[in-house]
Structures are given as structure tokens and as C-alpha cells.
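*Asks:*
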Amino acid sequence: MKTNAKVELLAPAGDMEKLKTAIHFGADAVYFAGKNYGLRAMSSNFTEDEMIEAINYVHQNNKKAYVTLNVYARNNDFDGLGEYVKYLQDIGVDAVIVSDLGVFDTVRRNAPKLEIHISTQSNTTNKYSAGFYKTLGASRVVLARELSIEEIREIKKHNPDLELECFVHGAMCISYSGRCLLSNYLTGRDSNHGECVQACRWKYFITEESRPNEPMEIQEDDKGAYILNSKDMCLIEYLDQIIEAGVNSLKIEGRMKSPYYVATVINAYRRAIDSYYEAKKNGAEYKLDESLVDELTKASHRAYTTGFMFKDGKIRQNLASAAQEQTSKFVAIVKEVEEGRILVEMRNRFMKGDTLEILSPTSAFNKIITIDKMINSKGKEIDDAKAVCELVWIYTDVKGIEPLDILRK
2 MKTNAKVELL
12 APAGDMEKLK
22 TAIHFGADAV
32 YFAGKNYGLR
42 AMSSNFTEDE
52 MIEAINYVHQ
62 NNKKAYVTLN
72 VYARNNDFDG
82 LGEYVKYLQD
92 IGVDAVIVSD
102 LGVFDTVRRN
112 APKLEIHIST
122 QSNTTNKYSA
132 GFYKTLGASR
142 VVLARELSIE
152 EIREIKKHNP
162 DLELECFVHG
172 AMCISYSGRC
182 LLSNYLTGRD
192 SNHGECVQAC
202 RWKYFITEES
212 RPNEPMEIQE
222 DDKGAYILNS
232 KDMCLIEYLD
242 QIIEAGVNSL
252 KIEGRMKSPY
262 YVATVINAYR
272 RAIDSYYEAK
282 KNGAEYKLDE
292 SLVDELTKAS
302 HRAYTTGFMF
312 KDGKIRQNLA
322 SAAQEQTSKF
332 VAIVKEVEEG
342 RILVEMRNRF
352 MKGDTLEILS
362 PTSAFNKIIT
372 IDKMINSKGK
382 EIDDAKAVCE
392 LVWIYTDVKG
402 IEPLDILRK
């Protein structure tokens, strides 16, 4: 990526539906895993045949696809890895994301044409480590989330030809650069091999030795006892500073989140990024549309924080609850568009008379549909769409709606 190119918006793709959603709403690239070697084993992930379909779809849309190989590898993880990375090279994967030097070396020896990105799990926190990875052949480093914007500027200044990527939105791990054994210790599920149970989100109690059956709440303070539970990252209000610090790729967390989450977040960041470059092109001062901040409350999230990006002294833990909240509900996805009506697939119940908001990358964004008439797939007019995933025609005169747009309530 050239330094004067637009910053990349990189989206999570836990399955094919989320991948297509990300591309539709404006992602420049997506990242996902195969069935092995990634740190999100609980996500659907992709079979080898699905990977071919995914890569073809991404490239047909002139976007990029990165595959995660970011487990902390043990000896037996290397069985078959050489053949696997050759396969990734053959099907046209644009880069692999690795955290382990053994995996790095395996990729370099078996698939020399594959670009290598260094995962955030490698916790690159200084300019010299970043530069060293470049000498090994890495084209990009995904920076540790513990860095401040001043440190990022310094890393870029020292390594002007190295691509830098950083997380700007999504759930944060309470452990240093994601290196955690709490899940292993409590449940036997290995977080460093993608099986984390998110034990840091649990509410904890203490017991007194002689009264083991009388658990007591930990009194952190009057807000509760979720002592390990981090808030979610949200840096949309600071995109100009991050871009100008030299970051090449803005990464969204969330391979296990819903298609609605992906659509909402990617749409908001896409609009903010485009607005930034439009202002620069016109010699104007960039100012974020504050409605995009509100947009990010409409999808599932915890309370937001800027993480370590700024030394503001604010608390990054959500002490009150690990629960997520959202102000809107995903009710349908658009499948087809005809003059005067749209075919949608129901995701949550909606009824005649409901007012629905359109989530779209087009001018239809945030326009309203009031449902006056619905017809089901059997041609029968209905008042209530309540069958799971049923196909329903909604009659509307709103222009600009496209397949893969979303209706919310």
C-alpha cells in the first residue's frame, strides 16, 4: 500500500454472509479463518471450498482477503501446515496474519508469494520490533492495542515503508495483547488456540474457607463486581488523528458478531473515512458527522472506551455488567428489489404498521419505511411476519434500496 493511498477499512468475516455484508457496506478488505490455525474457533469459519468462493467473491469486487494463522503454535500444529499455506497461495489469498515465528518461517518456505502480516498477538510495541519483522519479509504489522497514538507516530516515522494496521473498534481483551490462560485454567478451553470462553466477562464471587456453600459478591464498588470486564473500543471520533499518524489499515473486531453488527459498524466507519478524504480533497477542515457516533449504539456493544490510544486516565473496565446493549433491532435483510416493492428475509418479527429504518451504503441510509402492505412467498397478504427466515414482499416507494441492505426497528 502506498503511503498516499486511502486508508484501508478492514472488516471481520466469520462466515460467508458476514463477508458479503462487509463488502456491501464498504470494507476494502476482510479477514477470516479456515477451520484451523485461527484464534476464533467458535466462529463458523471457512472450509477450503468455501475459501475459494470467498476469495473469488472478494476479488470480483476488487477487494482483498486476509486469512488468519495466528494461533500460538505447538509442535503438532505444524502437521500439514506447509501444504495448507501452499493451498492459500494457490487460491489467491492476499496475505496471511501470523503471530508465531515458526508459522512465519513455514509460510515463507512453503508459500513465498504470500504476503505476511504480523498479528496483534505478537504484541509489537516498538519501532525496532516492527522494523525487524520487515527485515524478515513481513509487509505489515498489526500493532499491539496497548500503544498510544504518539508511539504509533514514532513507529511509522522509523519505518516509513512498513504498513501499519491497528484496531479502531470492537471488543477488547483484558489480557496483554490477547495472551490469556484464564479460559484454559477454568474450563480447559485454550484461548490461544481460538477456544476462549471469555471468562473475563463473568461475574465473580468469593467464598470463606469454612463456608464454601455461601458465596459472597466481590465488592469492587457500588457499580458491581465485573473486575476483569473491558469496555469496547470505539475510535471513530479520532480517525483523522489515526490516519495522520501513518496507519495504513483500520481494523474492526468482530468475527463472532452478527451480520447486523458488521453492517452497522462498517457503514459508519466507511462514511467517516470518505468524509475525511472528501474534506482533504476540497481543502476543508474535517468534521465528523456526530450522527455516526449514534449509529454505533444501534448495534450490539458494551460501553465504549478509547483504550490506550490517549493518555486520558479514564477507566477501561465496565464494572457494572458484561451485558451488551443496542438501540435498534435487526428485523430483515433485503434479497431482491423491484419497482414499488422489496423482497426481504425476516430475522426478527415485524408487523403491518411498523416503522422500519433502512441501513444502506446508498442514499437510502436511515430512510423510513412504514409497512402498509406485505405479501408472503405464497402470494398471500399478511399482517405479521413471524415465521423464522420467511420471505416477504414489502411495498415501498423509497428509492436507492439494494440487495443486502438491512431493515431495523
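Numbering (the numbering used here), first residue to last: 2 to 410. Ideal placement from N, C-alpha and C gives every residue a C-beta, glycine not left out.
(1) Shortest alpha-carbon distance to Tyr-134 belongs to which of Arg-350, Val-68 and Asn-160?
(2) Assuming Thr-265 is part of the alpha helix (DSSP H), what are its boundary residues?
(3) Within the continuous alpha helix (DSSP H) that includes Leu-144, where are the two ends?
(4) Should the segment 54-72 be regarded as contacting the segment 294-314, the criterion being three or more beta carbon pairs within less than 8 Å?
(5) Is Gln-122 near the ligand FAD, going by C-beta to nearest heavy atom under 6 Å?
(6) For my contact list, Glu-254 and Gly-308 are in at a C-beta cut-off of 8 Å; report their separation, rounded to the angstrom.
(7) So is Thr-69 buried or exposed if we call it buried at 16+ other beta carbons inside 10 Å?
(8) Assess, as a yes-or-no matter, whether the segment 339-350 is touched by the segment 383-394 under the definition of 3 or more beta carbon pairs within less than 8 Å.
(9) My output table needs one value for Gly-15: the three-state DSSP class, helix, strand or coil.
(10) Answer yes or no: does any C-beta atom of chain B fall closer than 7 Å to that of Gly-83?
(11) Looking at C-beta atoms only, is the number of pairs between the segment 245-254 and the segment 264-278 that lie closer than 8 Å three or more?
(12) If we count the other Cβ atoms within 10 Å of its Cβ and call it buried at 16 or more, is Asp-50 buried or exposed?
(13) Could you tell me the alpha carbon to alpha carbon distance between Glu-346 and Gly-354, rounded to whole angstroms?
(14) Within the continuous alpha helix (DSSP H) that includes Ile-156, where are the two ends?
(15) Using DSSP with H/G/I as helix, E/B as strand and the rest coil, what is Leu-392?
(16) Would DSSP call Gly-380 helix, strand or coil?
(17) Determine the extent of the alpha helix (DSSP H) in which Ile-56 is found, giving its start and end residues.
(18) Report the partner residues of Ser-250 according to the DSSP bridge assignment.
(19) Going along the chain, which residues of its own chain have a beta-carbon closer than 7 Å to the beta-carbon of Gly-93, five neighbours each way excluded?
(20) Reducing DSSP to helix, strand and coil, say where Thr-328 ends up.
(21) What span of residues does the alpha helix (DSSP H) with Leu-70 cover, start to end?
(22) Could you spell out where the alpha helix (DSSP H) holding Arg-348 opens and where it closes?
(23) For Pro-113, count the other beta carbons within 10 Å of its own beta carbon; 16 or more makes it buried, fewer makes it exposed. Which is it?
(24) Use the C-beta contact count for Trp-394: other C-beta atoms within 10 angstroms, 16 or more gives buried, fewer gives exposed.
(25) Can you give me the start and stop residues for the alpha helix (DSSP H) that Phe-105 sits inside?
(26) Can you tell me whether DSSP reads Ile-24 as helix, strand or coil?
(27) Can you tell me whether Asn-214 is helix, strand or coil according to DSSP?
(28) Can you name, in chain order, every residue of its own chain whose Cβ lies under 7 Å from the Cβ of Pro-404, other than the five neighbours on each side?
(29) Nearest to Leu-20 by alpha carbon, out of Asn-46, Ile-402 and Lys-36?
(30) Pairing CB atoms from the segment 84-93 with CB atoms from the segment 112-131, are three or more of them under 8 Å?
(31) Which first and last residues belong to the beta strand (DSSP E) in which Tyr-32 is found?
(32) Less than 7 Å between the beta carbons of Leu-357 and Ile-370, yes or no?
(33) Under 7 Å Cβ to Cβ from Gly-27, same chain only, skipping five residues before and after it: list those, please.
(34) Thinking C-beta only, is Glu-164 closer than 7 Å to Asn-77?
*Replies:* Taking the geometry as given:
(1) The count along the sequence shown starts at 1 and reaches residue 134 at position 133. Taking only the C-alpha atoms, the option nearest Tyr-134 is Asn-160.
(2) Position 264 of the sequence shown holds residue 265. Taken as a continuous stretch (DSSP letters only), the alpha helix (DSSP H) holding Thr-265 covers 260-282.
(3) Reading the sequence shown from its first residue, position 143 is the one you call residue 144. No alpha helix (DSSP H) contains Leu-144, which DSSP labels as neither H nor E.
(4) Judged by Cβ distances under 8 Å, the segment 54-72 makes no contact with the segment 294-314, as fewer than three pairs qualify.
(5) Among the components modelled here there is no ligand, and therefore nothing to report on the ligand FAD.
(6) In the sequence shown, residue 254 corresponds to position 253, counting from 1. In the sequence shown, residue 308 corresponds to position 307, counting from 1. With a beta-carbon spacing of about 11 Å, Glu-254 and Gly-308 fall beyond the 8 Å limit used to define contacts.
(7) As a position in the sequence shown, residue 69 is number 68, starting the count at 1. Around the beta-carbon of Thr-69, 16 or more other beta-carbon atoms lie within 10 Å, marking it buried.
(8) The answer is yes - the segment 339-350 touches the segment 383-394, with three or more Cβ pairs under 8 Å.
(9) As a first step, residue 15 must be located in the sequence shown, where it is residue number 14. The DSSP-derived three-state label of Gly-15 is coil.
(10) Judged by its chain identifiers, the structure shown contains no chain B, having just a single protein chain.
(11) Touching, yes, given that three or more Cβ pairs across the two stretches are closer than 8 Å.
(12) Here residue 50 is taken as the residue at index 49 of the sequence shown, counted from 1. So Asp-50 ends up on the exposed side.
(13) Here residue 346 refers to the residue found at position 345 when the sequence shown is read from its first residue. Here residue 354 refers to the residue found at position 353 when the sequence shown is read from its first residue. Distance between the alpha carbons of Glu-346 and Gly-354: 18 Å.
(14) Locating residue 156 in the sequence shown gives position 155, where the first residue counts as 1. Per DSSP, the continuous alpha helix (DSSP H) segment holding Ile-156 begins and ends at 150-159.
(15) Residue mapping note: residue 392 aligns to position 391 of the sequence shown, counting from 1. Shown here, Leu-392 sits in a strand according to DSSP, grouped into three states.
(16) As a first step, residue 380 must be located in the sequence shown, where it is residue number 379. Of the three classes helix, strand and coil, the one that applies to Gly-380 here is coil, per DSSP.
(17) Counting from 1 along the sequence shown, the entry for residue 56 is found at position 55. That run of the alpha helix (DSSP H) goes 49-61.
(18) Here residue 250 is taken as the residue at index 249 of the sequence shown, counted from 1. DSSP links Ser-250 through a beta bridge to Glu-9 and Glu-166.
(19) Residue numbering aside, residue 93 sits at position 92 when the sequence shown is read from its first letter. Contacts found: Ile-56 and His-60.
(20) Against the sequence shown, residue 328 aligns to sequence position 327. Here Thr-328 sits in coil by DSSP.
(21) Within the sequence shown, the letter at position 69 stands for residue 70. For Leu-70, no alpha helix (DSSP H) segment is defined; the enclosing uninterrupted segment is the beta strand (DSSP E) at 65-70.
(22) Taking the sequence shown and counting its residues from 1, the one referred to as residue 348 is at position 347. Neither: Arg-348 is in no alpha helix (DSSP H) and is coded neither H nor E.
(23) The residue labelled residue 113 in the question sits at position 112 within the sequence shown. By the neighbour-count definition (other C-beta atoms within 10 Å, threshold 16), Pro-113 is an exposed residue.
(24) Numbered from 1 along the sequence shown, position 393 holds the residue referred to as residue 394. Label assigned to Trp-394: buried.
(25) As a working mapping, residue 105 is identified with position 104 in the sequence shown. In this chain, the alpha helix (DSSP H) harbouring Phe-105 covers 102-111.
(26) Reading the sequence shown from its first residue, position 23 is the one you call residue 24. Helix.
(27) Start at 1 with the first residue of the sequence shown, and residue 214 comes out as number 213. Strand at Asn-214.
(28) Numbered from 1 along the sequence shown, position 403 holds the residue referred to as residue 404. Correct list, in chain order: Val-335, Lys-336, Glu-337 and Val-338.
(29) In the sequence shown, the residue the question calls residue 20 occupies position 19. Nearest C-alpha to Leu-20: Asn-46.
(30) Short answer: they touch.
(31) By one-based count along the sequence shown, residue 32 stands at place 31. First-last of the beta strand (DSSP E) with Tyr-32: 30-33.
(32) The residue you call residue 357 lines up with position 356 of the sequence shown. The residue you call residue 370 lines up with position 369 of the sequence shown. Taking C-beta atoms as the reference points, Leu-357 and Ile-370 count as a pair closer than 7 Å.
(33) Working through the sequence shown from its first residue, we reach residue 27 at position 26. Only Leu-10, Ile-267, Asn-268, Arg-271 and Pro-362 meet the Cβ criterion.
(34) Position 76 of the sequence shown, counted from the first residue, corresponds to residue 77. Position 163 of the sequence shown, counted from the first residue, corresponds to residue 164. Taking the C-beta atoms as reference points, Glu-164 is found no nearer than 7 Å to Asn-77.
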